[in-house]
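**Q** So the sequence lines, in the order shown, correspond to chains A and B. Under the UniProt record's numbering, the residue at position 83 of the first sequence is numbered 83, and the numbers go up by one with no gaps. Under the UniProt record's numbering, the residue at position 96 of the second sequence is numbered 96, and the numbers go up by one with no gaps.
2 protein chains.
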Amino acid sequence: MASRTRAEALSRERIVEAAVALLDADGERGLTFRTLTERLATGPGAIYWHVANKGELLAAATDSVIAGALTTEAVGSSPEDEIRAVALGLFEAIERHPWLSPQLALQLSRSPWGSVTPRIFESVGQRVSALGVPQDTWFTATSALVHYIFGAAAQNAANSRVLGSGVDRAEFLRAAANAWEELDPGEYPFLRSIAGEARDHDDREQFLAGVDLILAGIAVAGPGGSTRP
Amino acid sequence: MASRTRAEALSRERIVEAAVALLDADGERGLTFRTLTERLATGPGAIYWHVANKGELLAAATDSVIAGALTTEAVGSSPEDEIRAVALGLFEAIERHPWLSPQLALQLSRSPWGSVTPRIFESVGQRVSALGVPQDTWFTATSALVHYIFGAAAQNAANSRVLGSGVDRAEFLRAAANAWEELDPGEYPFLRSIAGEARDHDDREQFLAGVDLILAGIAVAGPGGSTRP
DNA sequence: ACCTGAACACCGTTCAAGT
DNA sequence: ACCTGAACACCGTTCAAGT
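The structure is reproduced here in structure tokens:
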């Protein structure tokens, strides 16, 4: 214990930084107060002096990574392109840090007024408000975009996690498609029908197609108000 | 212990049923093997005979509730109306069982090829394929709808959970809107601008507006292919 | 085949005590 | 003000033993 050199004074930032490293290395089960104290060469009490509990620590780790992903915004020519860039930035952040997706969902479902969700809503919402559609559609449009980004990125992260563990991508997609094709035709006609096209698709391309679909909806639903009869 | 009447033989269904009841009563922290064995008047070993581990139990509980929500489909006149009905059914299931939303996100991000996600994709996707848009847009369209449903419902469930604990709805919305209005105008111009309209809105109405927005996008993006230049 | 229940390894958190 | 580290309550899971 005395042999371990203490780098510098403990701080909230250093703790969050270490937490992110542990999460990146081993997922959520990799982050415990035991592993954290070992890495920081302290006791649990020291961490509790800077952080209220584990939930707050996870929230802070999530917030830190998301903030980083949102600041690297490529300035696009159009609001649409900027929205695509922000969406892709979040998509890639979740791909790099797969533990983010359950965590984002937890933040969303536990305290949507926390710091992470507002940050993302603000970033997307600013571009939505620049699209030139009526203000009363801004919130709905932003919601649709943000929720789609979270969900699609989560699903993609799950795939790449499997792929990360030494599985061939083509083989994985083939296996998944085959599994879908072997579903009961009476019960799962839809999944069977799209199994073929799932076999060879580009994840990023597919993701952006969804963003574009929602952008198209915003453009058409905007001027005319609701499309519902 | 001997005083407790054992209702009938233990089974996977009885265990899942008890798990749902515990989750409904106290959320995810309400379900432990201690509370479960007490409720079922057995030991942990008995439960492990029917269920592999806690993760599988949570997945089974989620699957059971979702299956119930999907079978109560109102047969609508148009595919659009049926999609709205399915969406609203899921929305209300998540509202009734708030523990569903983190759980659905977890299922999605851990094993999208599990039983819950395919079930929902199938139900929505069947209606999407009946919309008359080209087949190569089906998957994207279904993804956008499903992810939006999950995300928006999660956010709504978080709100109603706060409201459930004896907080007045109007007061809550006012407090949230006020909090948004007090954000740094330089950093959060968008959230500030929509704070007013958040003050009085109907949750279900708002949710369906998002579904309609995506439906509009499907209709317009469908025939012409991608809208991206 | 199905169930019992003590035991195990591990976890988040607390707190009196130090500096 | 900040840190130490033993201790506590609780958790999921196992397994030899029963029926």
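We put the CB at the ideal spot given by N, CA and C, even for glycine.
(1) Could you give the first and the last residue of the continuous alpha helix (DSSP H) run that contains Leu22 (chain B)?
(2) So, for Leu183 (chain A): in the same chain, excluding its five sequence neighbours on each side, which residues have a beta-carbon less than 7 Å away from its beta-carbon?
(3) Along the chain, where does the alpha helix (DSSP H) containing His50 (chain B) start, and where does it finish?
(4) Taking the C-alpha atoms as reference points, what is the distance between Tyr48 (chain B) and Gln103 (chain B)?
(5) Under 7 Å between the Cβ atoms of Phe52 (chain A) and Phe91 (chain A)?
(6) Compare the beta carbon distance of Thr142 (chain A) and Gly114 (chain A) with 7 Å and say whether it is the shorter of the two.
(7) How many Å lie between Ser123 (chain B) and Tyr188 (chain A) at the Cα?
(8) Under 7 Å Cβ to Cβ from Asp24 (chain B), same chain only, skipping five residues before and after it: list those, please.
(9) Do Ala19 (chain A) and Ala61 (chain A) have their C-beta atoms closer together than 7 Å?
(10) For a contact defined as C-beta to C-beta under 7 Å, what are the partners of Asp136 (chain A) on chain B?
(11) What is the residue span of the alpha helix (DSSP H) that Glu92 (chain A) lies within?
(12) For Asp136 (chain A), which option in B:Arg12, B:Gly196, B:Ser78 and B:Glu80 has the closest C-alpha, if you only look at C-alpha atoms?
(13) Check distances from the C-beta atoms of the stretch 160-183 of chain B to those of chain A and list, in chain order, the residues that come in under 7 Å.
(14) Straight-line CA distance for Ala198 (chain B) to Gly217 (chain A)?
(15) In chain A, which residues lie less than 9 Å from Asp26 (chain B) when you measure between Cβ atoms?
(16) Taking Cβ positions, are Gly210 (chain A) and Phe150 (chain B) nearer each other than 7 Å?
(17) When DSSP labels each residue in this structure, what does Ser226 (chain B) get in the three-state scheme?
(18) Relative to the alpha-carbon of His204 (chain A), which residue among A:Tyr148, A:Asn156, A:Trp180 and A:Val167 has its alpha-carbon at the smallest distance?
(19) At the 7 Å Cβ level, is Ile214 (chain B) part of the contact set with chain A, yes or no?
(20) Closest to Ala85 (chain A) by C-alpha separation, out of A:Leu163, A:Glu56 and A:Leu208, would be which residue?
(21) For Pro185 (chain B), name the three-state secondary structure that DSSP assigns.
(22) Please give me, in chain order, every unbroken run of the beta strand (DSSP E) with length at least 3 that falls completely inside the stretch 118-144 of chain A.
(23) Restricting to Cα atoms, I'd like to know which of B:His201, B:Leu106, B:Leu108 and B:Ser129 is closest to Thr140 (chain A).
(24) Which stretch, first to last residue, makes up the alpha helix (DSSP H) that contains Leu40 (chain B)?
(25) Near residue 231 (chain A), what residues of its chain come up, given a Cβ to Cβ distance below 7 Å and the 5 sequence neighbours on each side ignored?
(26) Give the DSSP-derived three-state secondary structure of Val159 (chain B) in the structure shown.
**A** Inspection of the coordinates gives the following:
(1) On the second sequence, residue 22 (chain B) is found 22 positions in, with the first residue counted as 1. That run of the alpha helix (DSSP H) goes Arg12 to Asp26.
(2) Translated into positions along the first sequence, residue 183 (chain A) becomes position 183. Leu191 and Arg192.
(3) As a working mapping, residue 50 (chain B) is identified with position 50 in the second sequence. Element bounds for His50 (chain B): Pro44 to His50.
(4) Residue numbering aside, residue 48 (chain B) sits at position 48 when the second sequence is read from its first letter. Residue numbering aside, residue 103 (chain B) sits at position 103 when the second sequence is read from its first letter. If you take the alpha carbons of Tyr48 (chain B) and Gln103 (chain B), they lie about 21 Å apart.
(5) What you label residue 52 (chain A) is simply residue 52 of the first sequence in a count that begins at 1. What you label residue 91 (chain A) is simply residue 91 of the first sequence in a count that begins at 1. The sequence shown places Ala at residue 52 (chain A), rather than the Phe named in the question. No. Outside cutoff.
(6) Numbered from its first residue, the first sequence carries residue 142 (chain A) at position 142. Numbered from its first residue, the first sequence carries residue 114 (chain A) at position 114. Contact: no.
(7) Position 123 of the second sequence, counted from the first residue, corresponds to residue 123 (chain B). Position 188 of the first sequence, counted from the first residue, corresponds to residue 188 (chain A). Those two C-alpha atoms are separated by around 9 Å.
(8) Start at 1 with the first residue of the second sequence, and residue 24 (chain B) comes out as number 24. Contacts found: His97.
(9) Taking the first sequence and counting its residues from 1, the one referred to as residue 19 (chain A) is at position 19. Taking the first sequence and counting its residues from 1, the one referred to as residue 61 (chain A) is at position 61. Yes, the pair counts as a contact, with Cβ atoms nearer than the cut-off.
(10) Mapped onto the first sequence, residue 136 (chain A) falls at position 136. Simply Glu197.
(11) Here residue 92 (chain A) refers to the residue found at position 92 when the first sequence is read from its first residue. That run of the alpha helix (DSSP H) goes Pro79 to Arg96.
(12) Here residue 136 (chain A) refers to the residue found at position 136 when the first sequence is read from its first residue. It is B:Gly196 whose Cα lies nearest to the Cα of Asp136 (chain A).
(13) Ala176 and Ala179
(14) As a working note, residue 198 (chain B) is residue 198 in the second sequence. As a working note, residue 217 (chain A) is residue 217 in the first sequence. Cα-Cα distance, rounded: 21 Å.
(15) Residue numbering aside, residue 26 (chain B) sits at position 26 when the second sequence is read from its first letter. Simply none; closest approach about 15 Å.
(16) The sequence position of residue 210 (chain A) within the first sequence is 210, counting from 1. The sequence position of residue 150 (chain B) within the second sequence is 150, counting from 1. Their beta carbons are not under 7 Å apart, which means Gly210 (chain A) does not touch Phe150 (chain B) by this criterion.
(17) Start at 1 with the first residue of the second sequence, and residue 226 (chain B) comes out as number 226. Caution applies to Ser226 (chain B), whose pLDDT of 49 falls short of 50 and renders its modelled position unreliable; the model cannot decide the point.
(18) Your numbering for residue 204 (chain A) matches position 204 in the first sequence. According to the sequence provided, residue 204 (chain A) is Arg. The question's His does not apply to it. If we check each option's Cα against that of Arg204 (chain A), A:Asn156 comes out closest.
(19) Against the second sequence, residue 214 (chain B) aligns to sequence position 214. Interface residue, yes.
(20) Residue mapping note: residue 85 (chain A) aligns to position 85 of the first sequence, counting from 1. If we check each option's Cα against that of Ala85 (chain A), A:Leu208 comes out closest.
(21) Here residue 185 (chain B) refers to the residue found at position 185 when the second sequence is read from its first residue. Pro185 (chain B): coil per DSSP, three-state reduction.
(22) none
(23) The residue you call residue 140 (chain A) lines up with position 140 of the first sequence. Taking only the C-alpha atoms, the option nearest Thr140 (chain A) is B:His201.
(24) Locating residue 40 (chain B) in the second sequence gives position 40, counting from the first residue. Counting along the chain, the alpha helix (DSSP H) containing Leu40 (chain B) begins and ends at Phe33 to Leu40.
(25) One cannot answer for residue 231 (chain A) here, as it falls past the ends of chain A, which runs 1 to 229.
(26) Residue 159 (chain B) sits at position 159 when you count from the first residue of the second sequence. In the sequence as displayed, the identity of residue 159 (chain B) is Asn instead of Val. Note: Asn159 (chain B) maps to helix in three-state DSSP.
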